[in-house]
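> Attaching a single structure in C-alpha cells format; questions to follow.
Numbering (my numbering), first residue to last: 146 to 231.
Set out below in C-alpha cells:
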C-alpha cells in the first residue's frame, strides 16, 4: 500500500474460505446486494451455533459484521455485537 495508513486491513482469504463470494461490478444490482446480505446473515447464524465459537465467545466479545462493496464503494455495513445462538 503506497498511500496513507490503515488501522485494520482485511483481505479475502478465498483459499481458506471458499464460500466467500465475489460479484463483479457489472453483475451488481440492488437485488443482488439484498440477497448477499440475507445469505451473510444466515451464515453468521450458523457460525453462532458452532461449539468452538460459542466457547471462544465466553472469553471475548465477538462482533459480527457484514460488508458489501461495489468495487471500492462500501454499499452496506451492518454490525451486531456478540453471537447469539438461536
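The C-beta atom is built at its ideal place from N, Cα and C for all residues, glycine as well.
Can you give the Cα-Cα distance for residue 231 and residue 189, rounded to whole angstroms?
The count along the chain shown starts at 1 and reaches residue 231 at position 86. The count along the chain shown starts at 1 and reaches residue 189 at position 44. Low local confidence applies: a pLDDT of 42 at residue 231 is under 50, so the model's placement there is unreliable, and no value is given.
> Tell me the rounded alpha-carbon separation between residue 204 and residue 185.
For the purposes of this step, residue 204 is taken as residue 59 along the chain shown, with counting starting at 1. For the purposes of this step, residue 185 is taken as residue 40 along the chain shown, with counting starting at 1. Their Cα atoms are separated by approximately 24 Å.
> Pull up the CB-CB distance for residue 213 and residue 182, whole angstroms please, since I reckon it's below 8 Å.
Looking up residue 213 in the chain shown gives position 68. Looking up residue 182 in the chain shown gives position 37. Going by Cβ atoms, the distance from residue 213 to residue 182 rounds to 6 Å, so yes, they are a contact pair.
> Between residue 129 and residue 201, which are expected to be in contact by the criterion C-beta below 8 Å, what is the C-beta distance as a whole number of angstroms?
Absent from the model: residue 129. The displayed extent of the chain is 146 to 231, so no value can be given.
> Relative to the C-alpha of residue 169, which candidate in 218, 223, 194 has its C-alpha closest?
The residue given as residue 169 occupies position 24 in the chain shown. Of the candidates 218, 223, 194, the one whose C-alpha sits nearest the C-alpha of residue 169 is 218.
> Would the beta-carbon of residue 161 fall within 9 Å of that of residue 215?
Taking the first residue of the chain shown as 1, we reach residue 161 at position 16. Taking the first residue of the chain shown as 1, we reach residue 215 at position 70. In this structure, residue 215 does not lie closer than 9 Å to residue 161 by Cβ.
> Measuring alpha carbon to alpha carbon, tell me which residue in 171, 163, 176 is nearest residue 221.
Against the chain shown, residue 221 aligns to sequence position 76. Looking at the Cα atoms, 176 is the closest of the given residues.
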